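Okay, so here's the structure we're looking at.
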Amino acid sequence: MPALADIAAPIEGVVRIETSPREQATPIIMEMMRSVYPHDQVFGEFCTVNSYIDCPPRELYEYLADTRSL
Numbered sequence: 001m002p003a004l005a006d007i008a009a010p011i012e013g014v015v016r017i018e019t020s021p022r023e024q025a026t027p028i029i030m031e032m033m034r035s036v037y038p039h040d041q042v043f044g045e046f047c048t049v050n051s052y053i054d055c056p057p058r059e060l061y062e063y064l065a066d067t068r069s070l
């Protein structure tokens, strides 16, 4: 069964690119594409492990390096 084949009725506001004519789909795709994406949009919010886990970095490393901790 093709992807999303179980959704027979169209959903308002959703354009299914795989079933749209190329003439309709191309402008939508081109509008969504950028030549350069902002760093935050690509990688999102992040934090370092040692700022998230409140412990000394060396102890954290030793814990994570021990395969029994996996």
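In terms of the working numbering, the sequence shown opens at residue 1 and continues consecutively.
All C-beta atoms, glycine included, are put in the ideal place defined by N, C-alpha and C.
Nothing here was measured: the structure is a model prediction, and the numbers come from that model.
Counting only residues of its own chain and dropping the five nearest sequence neighbours on each side, threonine 19 has no CB closer than 6 Å to any other CB. DSSP places threonine 26 inside the alpha helix (DSSP H), whose first and last residues are 22-32. Going by DSSP, valine 15 is part of no alpha helix (DSSP H) at all; its letter is neither H nor E. Here isoleucine 7 is not near valine 15, since their CB atoms are 8 Å or more apart.
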